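Chains as they are written, first to last, in our numbering: chain F, 1 to 333; chain V, 334 to 666.
In C-alpha cells, the structure reads:
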C-alpha cells in the first residue's frame, strides 16, 4: 500500500471517516522528514479548523496493573451503545525505549477494536515526551475531524506524562486499586489534585471491603483539597469490569461532567487556553531548535563555555551574556 | 551613604568581609538598570570564580507557622559556636505582592542577626520566581565569596519555589508540625521526596506524643520512596527550640550529611550540574527576552495570531511555522 503524503487527500479521507487514511495521517505526523512535516502541519491546521460536533477529551491514568485498558474497553463499548464514536490514544514516554508499555498489545482491547465506531492507536512514536505529546495532540485533532466524539487518552504515571495529558484533555480520570499503598502514590504525586474522577477499579470479590475503604480514603483526601476552579467537585466511584452497572455509572458521571463544563462554557475556555499553551510551547521549542542549530556550530565555542560553567570558571550570567551578545535576531523581509 | 556600583570595589569589600559592601552588592544584583546589570554580572562572575573554603547550602522549607525562622536562628547560633559563618537568605515568590512573608521581620532572628558571624538578608526583590531565584543564586555566590560557609535558604511552600530552592542547594530540610494534616500536605506536594532531612518541629510539651507519631509516619512514608541517587537515606528528627540538645542533634545530622556528600564527591558534581542548569535556564530566558522584544513589535502581528490560535482558526503548529519562517538568527561578526 503506497503511503499518501498529500495533506488534502488525507484530510478528505479523514472527514469522510476513512480509517486507512487516518492511519496514514498518523504516520505522517510522526514522520521526521522535513517535507512530511510541512504537509503534516497543513493537515493538522485543516483538522483544527474543521467544525465538527462536540467532543469530550478524557485523560486516563493509573499505575501499571490497575486495569486501564480493560476499563477503557468497557467504557468504550458502553459509549458506542450510546451512539458515540470512540478514539483511544496513548501518551507513553517510555515507548521509545521499551517499545511501549501501554496499548502496545491491541489484543487487550479485542472487542472494542473490532467495532467500526472505535479507533485505537497505540502510543505515538517520539524520542521525547514533548514529541510524543505533540503527536498525541495532533492525533486528537485528526480523530475529532473524523467525527470521533469521545477521545480517551491513556497514560502511565511516569514523571511529566500525566501533566502533559492533563493539559490536552477536558477531564482527568485517575484509576486506583483497592488497598492502602496506592492512595499514597496518587497523593504524593499530586495526581489526585488533577483528577475530576477517581475510580477504584477491581472493586469486586474479596477486594470489596478494601475498595470501600479506599473510596472513603479518597473522598477524605479530596475534601482536604481546595475546590477546582471550574467549580466541579471531584467524585470517587468504584468500578468492576465484571459489573456492567458500574461501567454505566461511570459513563453517566462522565456525561454529567461533560454537561457541567459545557453549560458553564468551561470546556471552550479551557481548550482555548490549551491551544495557547500548545502554541507557546511550540514557539519556544522551535526557537530553541533554531538557536541550537546555531549554537551547535563551531563559531560560538559553546562546549568550551559549558565546561567552564561546570567548573565554576565563569558564572552562568556572564557566559550567557557572552553568547547573547553574539546572536543577532531579526525579522526576515 | 552613596551607593557603590563599581564591581571591583564591591568585590574587594566582599572578600574582605565588609558587610556594608555586601549589602550594596545585593542592591546591585537586584537592580533593573541596564548598566547595573553589567556590573552585577562582572561581580558575580568574580564571586563564582573566587576560591573560597568549603560551604554547605541548605534549603529549608515548611508551611507558614511551622517555625522556620526560629529553627534557623537556633541552628545558626549553634553553627556559630562551631566556628561557622552563617548566611540566611530567602526565596519568597510572594514578596513582590505582599512585601514578603518570610524574613520580612528581622526581629524574628534578633539574636542571630546581632552576631558578627551571621548575615541575614530578607527575600530578594523580583517580579517573578525566576527573578527571585536568580537573585538568590547570586546572593549565595556573594555570601560564599565573603567566607560564609553555612548558607541557609528559606522558602515558603508556594508552588515552584521549593523546587527552585532545591535546585540551588546541596541539602534540603523539610519542617513539619506534629499532627496528621501536615503529613499529607508534604506528601502530596512531593516535598518529602526531595527532603534529606524531615524535622518534626515544636516537639515539646503536649505535642510530644503527636510528634512521635508524626516522626513514625514520616519514617514509614520515606521507606516507601525509592532511595536517593546520592545513596543518602533521608532521616526524620524531632526538634524543639526549647531543647538545645535537639538543635545540637540537628546540626550533627547536617554535618554527617555534609561529610557524606563531600566524601563521595556528590556535592561537587551536583553543584556543577546546578551551574549548568542555571546557565541553560538563563540562556533560554535571555533568548526568549530577545525574541519577545522582536515579537512585541508590530511587524509580526503576534496578538492577532494568538487570538486565531485561541479560537482554533489556526493550529498552533502552523502559527508557529509562520512566525519561525520570519525570524532570522545569526552570529554577529
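From the three backbone atoms N, C-alpha and C, an ideal C-beta is built for every residue, glycine too.
Small disclaimer: the values here were computed from a predicted structure and weren't measured.
Item checked: Exposure label - residue 161(F); buried when at least 16 CB within 10 Å -> buried
Next item on the list: Closer than 9 Å, Cβ to Cβ, to anything on chain F: give me those residues from the region 579–608 of chain V, in chain order.
Entry: 604, 605, 606, 608
Notebook entry, point to check: Ordered along the chain, which non-local residues of its own chain (more than five positions away) have a Cβ less than 7 Å from that of residue 601(V)?
Noted result: none
Notebook entry, point to check: Along the region 652–663 of chain V, what residues have a CB closer than 9 Å to any CB found in chain F?
Noted result: 652, 653, 654, 656, 657, 658, 659, 660, 661, 662, 663
Margin query: Please tell me whether residue 612(V) has its Cβ less than 7 Å away from any Cβ of chain F.
Written below: yes
Check: In chain order, what residues of the same chain lie with their CB nearer than 7 Å to the CB of residue 169(F), ignoring the 5 residues before and after it?
Finding: 57, 58, 59, 153
Notebook entry, point to check: For residue 108(F) versus residue 69(F), is the C-beta spacing smaller than 7 Å?
Noted result: yes
Check: With a cut-off of 8 Å, do at least 3 Cβ pairs link the region 580–599 of chain V to the region 539–554 of chain V?
Finding: no
Next item on the list: For residue 194(F), collect the residues of the same chain with a Cβ closer than 6 Å to its Cβ; drop the 5 residues on either side in sequence, then sort them by chain order.
Entry: 166, 172
Next item on the list: Could you check which residue in 275(F), 198(F), 61(F), 144(F) has the C-alpha nearest to that of residue 22(F)?
Entry: 144(F)
Note to self: Taking the alpha helix (DSSP H) that residue 568(V) belongs to, which residues open and close that run?
What the structure shows: Counting along the chain, residue 568(V) falls outside any alpha helix (DSSP H), though it belongs to the beta strand (DSSP E) covering 568–571.
Note to self: If I follow the unbroken alpha helix (DSSP H) through residue 488(V), where does it start and stop?
What the structure shows: No alpha helix (DSSP H) contains residue 488(V), which is instead part of the beta strand (DSSP E) from 483–488.
Next item on the list: Mark residue 468(V) as exposed unless 16 or more other C-beta atoms lie within 10 angstroms of its C-beta, in which case mark it buried.
Entry: buried
Margin query: Against chain B, does residue 44(F) count as a neighbour if the rule is that its beta carbon must be under 7 Å from one of theirs?
Written below: In the structure shown, chain B does not exist; the protein chains are F and V.
Item checked: Members of the region 625–650 of chain V near chain F, C-beta cut-off 9 Å -> 626, 627, 628, 630, 632, 633, 638, 639, 642, 643, 644, 645, 646, 647, 648, 649, 650
Item checked: Nearest-angstrom Cα separation, counted from residue 644(V) out to residue 91(F) -> 25 Å
Notebook entry, point to check: Closest to residue 278(F) by CA distance: which of 603(V), 642(V), 621(V) is it?
Noted result: 642(V)
Next item on the list: List the residues of chain F that residue 623(V) touches, going by C-beta distances under 8 Å, in chain order.
Entry: 324, 327, 329
Notebook entry, point to check: How big is the Cα-Cα spacing for residue 432(V) and residue 454(V)?
Noted result: Interpretation of residue 432(V) is limited by its pLDDT of 44, a score under 50 that renders its predicted location unreliable; no figure is taken from the coordinates.
Notebook entry, point to check: Of the residues that make up the region 386–397 of chain V, which ones have a beta carbon closer than 9 Å to any beta carbon in chain F?
Noted result: none
Notebook entry, point to check: Quick one: Cα of residue 388(V) to Cα of residue 606(V), how far?
Noted result: 17 Å
Margin query: Would the region 611–629 of chain V count as touching the region 314–328 of chain F if we require 3 or more Cβ pairs under 8 Å?
Written below: yes
Next item on the list: Just confirm the distance between the C-beta atoms of residue 497(V) and residue 446(V), as a whole number of angstroms; I'd bet it's less than 8 Å.
Entry: No, residue 497(V) and residue 446(V) are not in contact; Cβ-Cβ is about 25 Å, not under 8 Å.
Check: Does residue 365(V) have its Cβ less than 7 Å from a Cβ in chain F?
Finding: no
Margin query: Using a Cβ-Cβ distance cut-off of 7 Å, determine whether residue 332(F) contacts chain V.
Written below: yes
Checklist line | Whole-number beta carbon distance between residue 44(F) and residue 203(F), since they are thought to touch under 8 Å | finding: In fact, because the Cβ distance is near 40 Å, the residues do not count as touching under 8 Å.
Next item on the list: Please check the pair residue 149(F) and residue 8(F), which I expect to be a contact at CB under 8 Å, by giving their CB distance rounded to whole angstroms.
Entry: Wrong, their Cβ atoms sit about 24 Å apart, outside the cutoff.
Check: When burial is assigned at 16 or more other CB atoms within 10 Å of the CB, is residue 295(F) buried or exposed?
Finding: buried
Check: So residue 566(V) packs on residue 560(V), CB below 8 Å; how close in whole Å?
Finding: 7 Å
Check: Quick one: Cα of residue 444(V) to Cα of residue 534(V), how far?
Finding: 20 Å
Margin query: By the DSSP assignment, the beta strand (DSSP E) with residue 390(V) in it spans what residues?
Written below: 389–394
Notebook entry, point to check: What does residue 287(F) touch in chain V if you count any residue whose Cβ is under 8 Å from its own?
Noted result: 620, 621, 624, 657, 660
Check: Where does the unbroken alpha helix (DSSP H) through residue 330(F) begin, and where does it stop?
Finding: Looking at the DSSP string, residue 330(F) is not in any alpha helix (DSSP H); the run it does join, the beta strand (DSSP E), is 327–331.
Notebook entry, point to check: So with Cβ pairs under 7 Å, would you call residue 381(V) a contact of chain F?
Noted result: yes
Next item on the list: Could you check if residue 328(V) is buried or exposed, using at least 16 other CB atoms within 10 Å of its CB as the buried criterion?
Entry: Nothing in the structure corresponds to residue 328(V), since chain V is present only between 334 and 666.
Next item on the list: Kindly indicate if chain F contains any beta-carbon less than 7 Å away from that of residue 615(V).
Entry: yes
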